[in-house]
Amino acid sequence: MDAADADGARDAADGRDARLGVDVGGTFTDVALVVDGDLTTAKVPTTDDQSRGVLAGVEAACDAADVDPSAVVGFRHATTAAVNAVLEGAGAETALVTTEGFADAVEIGRQDRPDLYDLSAEKPEPLVPRERRFEVAERATTEGIETPVDPEELRTVADSLEGNCESVAVSFLHAYAHPDSERRAAEILREELDVPVSASHEVHAAFREYERTATTVADAYVTPVIDDYLGRLTERVADLGLPPVRVMQSNGGIADAETVRERAVTTLLSGPAAGVVGAARFERSDHAGLVTFDMGGTSSDVSLVREGSAERTTDAEIGGHPVGVPMVDVHTVGAGGGSIARVDEGGALRVGPESAGAEPGPACYGKGGDEPTVTDAAVVLGYLGADTTLGEGLELDADRAEGVMEDLADAAGLDTVVDAAQGVYRVANATMARAIRGVTVERGHDPREFALAAFGGAGPMHAATLADRLGIETVLVPPGNGVLSALGLLAADERHDATRTHRTGLAGADPDAVESVFDDLADEALAETSDPAAATVEREAECRYAGQSFELAVGAPDPFDPDTVRERFHDEHERARGYRMDEPVDLVTCRVTATVPGDPPELSHDPEGDPLLGKRDLFFESGFYRAPVYDRARVPVGVSVDGPTIFAGGESTVVLPPRWTARADEQGTLVLEAGEE
Numbered sequence: 001m002d003a004a005d006a007d008g009a010r011d012a013a014d015g016r017d018a019r020l021g022v023d024v025g026g027t028f029t030d031v032a033l034v035v036d037g038d039l040t041t042a043k044v045p046t047t048d049d050q051s052r053g054v055l056a057g058v059e060a061a062c063d064a065a066d067v068d069p070s071a072v073v074g075f076r077h078a079t080t081a082a083v084n085a086v087l088e089g090a091g092a093e094t095a096l097v098t099t100e101g102f103a104d105a106v107e108i109g110r111q112d113r114p115d116l117y118d119l120s121a122e123k124p125e126p127l128v129p130r131e132r133r134f135e136v137a138e139r140a141t142t143e144g145i146e147t148p149v150d151p152e153e154l155r156t157v158a159d160s161l162e163g164n165c166e167s168v169a170v171s172f173l174h175a176y177a178h179p180d181s182e183r184r185a186a187e188i189l190r191e192e193l194d195v196p197v198s199a200s201h202e203v204h205a206a207f208r209e210y211e212r213t214a215t216t217v218a219d220a221y222v223t224p225v226i227d228d229y230l231g232r233l234t235e236r237v238a239d240l241g242l243p244p245v246r247v248m249q250s251n252g253g254i255a256d257a258e259t260v261r262e263r264a265v266t267t268l269l270s271g272p273a274a275g276v277v278g279a280a281r282f283e284r285s286d287h288a289g290l291v292t293f294d295m296g297g298t299s300s301d302v303s304l305v306r307e308g309s310a311e312r313t314t315d316a317e318i319g320g321h322p323v324g325v326p327m328v329d330v331h332t333v334g335a336g337g338g339s340i341a342r343v344d345e346g347g348a349l350r351v352g353p354e355s356a357g358a359e360p361g362p363a364c365y366g367k368g369g370d371e372p373t374v375t376d377a378a379v380v381l382g383y384l385g386a387d388t389t390l391g392e393g394l395e396l397d398a399d400r401a402e403g404v405m406e407d408l409a410d411a412a413g414l415d416t417v418v419d420a421a422q423g424v425y426r427v428a429n430a431t432m433a434r435a436i437r438g439v440t441v442e443r444g445h446d447p448r449e450f451a452l453a454a455f456g457g458a459g460p461m462h463a464a465t466l467a468d469r470l471g472i473e474t475v476l477v478p479p480g481n482g483v484l485s486a487l488g489l490l491a492a493d494e495r496h497d498a499t500r501t502h503r504t505g506l507a508g509a510d511p512d513a514v515e516s517v518f519d520d521l522a523d524e525a526l527a528e529t530s531d532p533a534a535a536t537v538e539r540e541a542e543c544r545y546a547g548q549s550f551e552l553a554v555g556a557p558d559p560f561d562p563d564t565v566r567e568r569f570h571d572e573h574e575r576a577r578g579y580r581m582d583e584p585v586d587l588v589t590c591r592v593t594a595t596v597p598g599d600p601p602e603l604s605h606d607p608e609g610d611p612l613l614g615k616r617d618l619f620f621e622s623g624f625y626r627a628p629v630y631d632r633a634r635v636p637v638g639v640s641v642d643g644p645t646i647f648a649g650g651e652s653t654v655v656l657p658p659r660w661t662a663r664a665d666e667q668g669t670l671v672l673e674a675g676e677e
């Protein structure tokens, strides 16, 4: 375990090593409890007050594993509180204090349009309405501060804000380079107001006025929500006898709850990041990396892992609002088990992004759903059966699934319900394949060189067929794949980032000046860690060709060497964009990441009993097959199983098509391999 978990550890009465990860999703709260290598999982409904659902899940897992909560030595958590606040417009009443003339920057945004030909496209409403945006007469250029901020003007603004807001964002022009005026403004507002104040040079010290301001506003918008939530959770965790909670950040690293409460914007992609980190621990050396594929009920998330690390980005959007802090680079599409199938006005079959959700859910759930979904298609194709375990006391109703598929077949002009189900399955897979190509082919990677890591409740049901479409020959289905985000929390390192824009041409760069920036950033990142002595420091330089609008990140040597960075940038540009240019290279932004390595628990797979549960008719492209259904938990280590086959589990179903083989390894991962055509 890492240093902070060790600080909170107590010797368990029974001497066992018990570690707990809890991931809150939109419908279910997932729990992974690892005790001396044995994994126990639990799923409970997510509650309005997420902390109550978290504690219910903890108690359920501890009861199942016969472990007292006070024996747990490490407790980690991923939450959707911040992202839900942004997506639902349920954050704090936030005010913005900015440079005179720039109050509307968060509303004007950029000229780019995500839907170029959609004449009715609308931008999202700013998180700060016009009446709570305040301008002050200060000014800085890239060279320095020309007009310092007036403290009395700030106090007048504070008087106007008293009792009228729950948080404040401060973003001054060029404060990333010259933060003195912004620092003074934040100090005054913190003295005068009893609300959180987010300053852009503390949240996102990078250029691009709109993105920096929007990120700072997002931080202010969610900070009271996260602070309130983690405050309640911390109290309830202590009452249950658990160790202090540590929280997953969007960058794929763990941080103390107190750190996160002060910089809440870092938790916006907490859950998806945990899933990618969990998948990364199963990366194999015989591939260029992993494509992670997380398919849930509403959407599918894909990402890329190389050399044990998830790909990250500083160019993300949440609900249409740009967020510039480092995040695991997750691409989401609206295709999940609950995605609704329909025939459009042109007679084409469409799947998603609308979803039946958990209530009423797919028709086969028997809870009132009357529209065909991907899950209903899986029932008709035989991938899910009457004996499939869904949790929450649900039993599949095959007759209802066939009924809605028959209606779909009639609307689409198809001959049979199987044709309709196969069409739904193909369309959903095509959508997910495009997402995978988006993080591989479109970024200069050949997916055939990667393995596909499938998780989520529905991911392993589609993974092998998706791999066939993409030329991927290996699929990994990790243990606990239905709760892999919760399990991934236990595998995460502690991680802190520090960023600052420092624009200079590499040809004329002063190595000592750049080195000074990196040193300052290293001190800042290390100060956030629980154990600076145990931390490693990674340095990145974001560069671009002179005249370009966007940057690529490359590793920065220590000490800084402009020639090395230039060559690395040429190579990275050619890999990512397909060409290199004989143009000057500019350094734009310096970034430092301080990492305290974690100590992931080792998992064991020691099956007992006969794995064969029965047989079922499965449909694939070449027709129906009478195929065995195995209990995944009982599949012996190293034994090769030929497809077509079903591996059933409490969290998900693994579909092994014809031509594929599968075997379980020592940790319980199912390794699926494509055979010859």
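The numbering of the sequence shown is full-length UniProt numbering, which starts it at 1 and goes up by one.
Each residue gets a CB set at the ideal place from its N, CA and C atoms; glycine is no exception.
The structure presented is a predicted model; accordingly, all values stated were derived computationally and were not measured.
Query - the region 28-48 touching the region 62-69, judged by at least three CB pairs closer than 8 Å - result: Segments in contact, yes.
Requested in this report: Tell me whether A13 sits in a helix, a strand or coil according to DSSP, three-state version.
Outcome: Start at 1 with the first residue of the sequence shown, and residue 13 comes out as number 13. Per-residue confidence for A13 stands at a pLDDT of 39, beneath the threshold of 50, marking its modelled position as unreliable; no derived number is given.
Report task. Taking all protein chains shown into account, decide if S549 is buried (16 or more other Cβ within 10 angstroms of its Cβ) or exposed. Result -> For the purposes of this step, residue 549 is identified with residue 549 of the sequence shown, where counting begins at 1. Result: exposed.
Query raised in the report: By how many angstroms is the C-alpha of D642 removed from the C-alpha of A662?
Result: As a working mapping, residue 662 is identified with position 662 in the sequence shown. As a working mapping, residue 642 is identified with position 642 in the sequence shown. Going from the Cα of A662 to the Cα of D642 covers about 7 Å.
Query raised in the report: To the nearest angstrom, how far is it from the Cα of G252 to the Cα of A453?
Result: The residue you call residue 252 lines up with position 252 of the sequence shown. The residue you call residue 453 lines up with position 453 of the sequence shown. So the alpha carbons of these two residues sit roughly 17 Å apart.
Report task. State buried or exposed for I472, treating a residue as buried only when at least 16 other CB atoms are found within 10 Å of its CB. Result -> Reading the sequence shown from its first residue, position 472 is the one you call residue 472. Residue environment for I472: buried (at least 16 other C-beta atoms within 10 angstroms of its C-beta).
**Report entry** Where the alpha helix (DSSP H) containing C590 begins and where it ends
**Finding:** Counting from one through the sequence shown, the residue named residue 590 turns up at place 590. From DSSP, C590 is part of no alpha helix (DSSP H) but of the beta strand (DSSP E) over 585-596.
Query raised in the report: Distance, Cα to Cα, R562 vs G275?
Result: Within the sequence shown, the letter at position 562 stands for residue 562. Within the sequence shown, the letter at position 275 stands for residue 275. In the sequence as displayed, the identity of residue 562 is Pro instead of Arg. Straight-line spacing of the CA atoms in P562 and G275 works out to 36 Å.
**Report entry** A310 to A137 span [Cα, whole Å]
**Finding:** As a first step, residue 310 must be located in the sequence shown, where it is residue number 310. As a first step, residue 137 must be located in the sequence shown, where it is residue number 137. A310 and A137: Cα-Cα distance of roughly 43 Å.
Query raised in the report: Would you call G505 buried or exposed, if buried means 16 or more other Cβ atoms sit within 10 Å of its Cβ?
Result: In the sequence shown, residue 505 corresponds to position 505, counting from 1. The residue in question, G505, is exposed, as its Cβ has fewer than 16 Cβ neighbours within 10 Å.
**Report entry** Span separating the alpha-carbon of W660 from that of E107
**Finding:** Sequence index remark: in the sequence shown, residue 660 carries index 660 (1-based). Sequence index remark: in the sequence shown, residue 107 carries index 107 (1-based). Distance between the alpha carbons of W660 and E107: 52 Å.
Query raised in the report: Just how far apart, CA to CA, sit M1 and P611?
Result: Here residue 1 refers to the residue found at position 1 of the sequence shown. Here residue 611 refers to the residue found at position 611 of the sequence shown. At M1, the pLDDT of 45 sits below 50, so the modelled position is not reliable and the matter cannot be decided from this model.
**Report entry** Inter-residue Cα distance where the pair is D387 and E59
**Finding:** Your numbering for residue 387 matches position 387 in the sequence shown. Your numbering for residue 59 matches position 59 in the sequence shown. D387 and E59 have their C-alpha atoms some 27 Å from each other.
Query raised in the report: What are the boundary residues of the alpha helix (DSSP H) that I108 is part of?
Result: The residue you call residue 108 lines up with position 108 of the sequence shown. Unbroken alpha helix (DSSP H) run through I108: 105-108.
Query - Run of the beta strand (DSSP E) containing P224, from where it starts to where it stops - result: The residue labelled residue 224 in the question sits at position 224 within the sequence shown. For P224, there is no enclosing beta strand (DSSP E); the enclosing alpha helix (DSSP H) covers residues 209-240.
Requested in this report: Since I believe F518 is in contact with R503 (beta carbons under 8 Å), could you give me their beta-carbon distance rounded to a whole number of angstroms?
Outcome: Within the sequence shown, the letter at position 503 stands for residue 503. Within the sequence shown, the letter at position 518 stands for residue 518. No, R503 and F518 are not in contact; Cβ-Cβ is about 15 Å, not under 8 Å.
Requested in this report: Find the nearest neighbour of V97 within the set G57, P69, E182, judged by alpha-carbon distance.
Outcome: Counting from one through the sequence shown, the residue named residue 97 turns up at place 97. Residue nearest to V97 within the set G57, P69, E182 is E182 (criterion: CA-CA distance).
Report task. Please go through the same chain and pick out, in chain order, the residues whose beta-carbon is closer than 6 Å to the beta-carbon of P179, but skip the five residues on each side of it. Result -> For the purposes of this step, residue 179 is identified with residue 179 of the sequence shown, where counting begins at 1. Excluding residues within five positions, the ones whose Cβ falls inside 6 Å are H201.
Query raised in the report: Expressed to the nearest angstrom, what Euclidean distance is found between the alpha-carbon atoms of F28 and T79?
Result: On the sequence shown, residue 28 is found 28 positions in, with the first residue counted as 1. On the sequence shown, residue 79 is found 79 positions in, with the first residue counted as 1. Rounded to whole angstroms, the gap between the alpha carbons of F28 and T79 is 12 Å.
Query - For D256 and V222, the rounded distance between their alpha carbons - result: Here residue 222 refers to the residue found at position 222 when the sequence shown is read from its first residue. Here residue 256 refers to the residue found at position 256 when the sequence shown is read from its first residue. Computed Cα separation, rounded: 17 Å.
Query raised in the report: Using the C-alpha atoms, what's the distance from R263 back to A433?
Result: If you number the sequence shown from 1, residue 433 lands on position 433. If you number the sequence shown from 1, residue 263 lands on position 263. Rounded to the nearest angstrom, the two C-alpha atoms are 35 Å apart.
Report task. Can you check DSSP and say which residues form a bridge with K615? Result -> Taking the sequence shown and counting its residues from 1, one reaches residue 615 at position 615. DSSP lists P628 as partners of K615.
**Report entry** Per-residue DSSP class, three states only, for V437
**Finding:** Sequence index remark: in the sequence shown, residue 437 carries index 437 (1-based). In the sequence on display, residue 437 carries Arg and not Val. Here R437 sits in helix by DSSP.
Query raised in the report: If you draw a straight line from the alpha carbon of T94 to that of A348, how long is it in whole angstroms?
Result: Translated into positions along the sequence shown, residue 94 becomes position 94. Translated into positions along the sequence shown, residue 348 becomes position 348. Cα to Cα, T94 sits roughly 45 Å from A348.
Query raised in the report: Using a Cβ-Cβ cut-off of 6 Å (strictly less than) and excluding sequence neighbours within five positions of D456, which residues of its own chain qualify?
Result: As a working note, residue 456 is residue 456 in the sequence shown. According to the sequence shown, residue 456 is Gly rather than Asp. Excluding its 5 nearest sequence neighbours in each direction, G456 has C-beta neighbours in its own chain below 6 Å: D294, M295, G296, listed in chain order.
Requested in this report: Output the boundary residues of the beta strand (DSSP E) element that contains M405.
Outcome: In the sequence shown, residue 405 corresponds to position 405, counting from 1. M405 -> not in any beta strand (DSSP E); alpha helix (DSSP H) instead, spanning 398-412.
Report task. Going by CA-CA distance only, name the one from A435, P478, D512, R16 that's closest to G668. Result -> Stepping through the sequence shown from its first residue, residue 668 is reached at position 668. Looking only at A435, P478, D512, R16, the smallest Cα-Cα distance to G668 is reached by P478.
Query - For M295, the first and last residue of its enclosing alpha helix (DSSP H) - result: Position 295 of the sequence shown, counted from the first residue, corresponds to residue 295. In this chain, M295 is not harboured by any alpha helix (DSSP H); it is covered by the beta strand (DSSP E) spanning 290-295.
Report task. Tell me whether T298 is buried or exposed, calling it buried when 16 or more other Cβ atoms sit within 10 Å of its Cβ. Result -> The residue given as residue 298 occupies position 298 in the sequence shown. It is buried - the Cβ of T298 has at least 16 other Cβ atoms within 10 Å.
Requested in this report: Answer with buried or exposed for R575, where buried requires no fewer than 16 other C-beta atoms within 10 angstroms of its C-beta.
Outcome: Here residue 575 corresponds to residue number 575 of the sequence shown, with the count starting at 1. It is exposed - the Cβ of R575 has fewer than 16 other Cβ atoms within 10 Å.
Query raised in the report: According to DSSP, is R139 helix, strand or coil?
Result: Against the sequence shown, residue 139 aligns to sequence position 139. R139 carries a strand assignment under DSSP once its states are collapsed to helix, strand and coil.
Report task. For D403, collect the residues of the same chain with a Cβ closer than 8 Å to its Cβ; drop the 5 residues on either side in sequence, then sort them by chain order. Result -> One-based indexing of the sequence shown puts residue 403 at position 403. The question names Asp, but residue 403 in the sequence shown is Gly. Excluding its 5 nearest sequence neighbours in each direction, G403 has C-beta neighbours in its own chain below 8 Å: A363, listed in chain order.
Query raised in the report: Any idea which residues DSSP pairs H77 with across the strands?
Result: On the sequence shown, position 77 is the one that residue 77 refers to. Looking at the DSSP output, H77 sits in a beta bridge with V22, V247.
Query raised in the report: Going by other Cβ atoms of all chains shown within 10 Å of its Cβ, with 16 needed for buried, is K615 buried or exposed?
Result: Stepping through the sequence shown from its first residue, residue 615 is reached at position 615. Answer is exposed; the Cβ neighbour count stays below 16.
Query raised in the report: When the Cα atoms are used, what is the spatial distance from G438 to V483?
Result: What you label residue 438 is simply residue 438 of the sequence shown in a count that begins at 1. What you label residue 483 is simply residue 483 of the sequence shown in a count that begins at 1. When rounded, the separation of the alpha-carbon atoms in G438 and V483 is 25 Å.
Query raised in the report: Can at least three beta-carbon pairs, one atom from the region 484-494 and one from the region 460-472, be found at a separation below 8 Å?
Result: Short answer: they don't touch.
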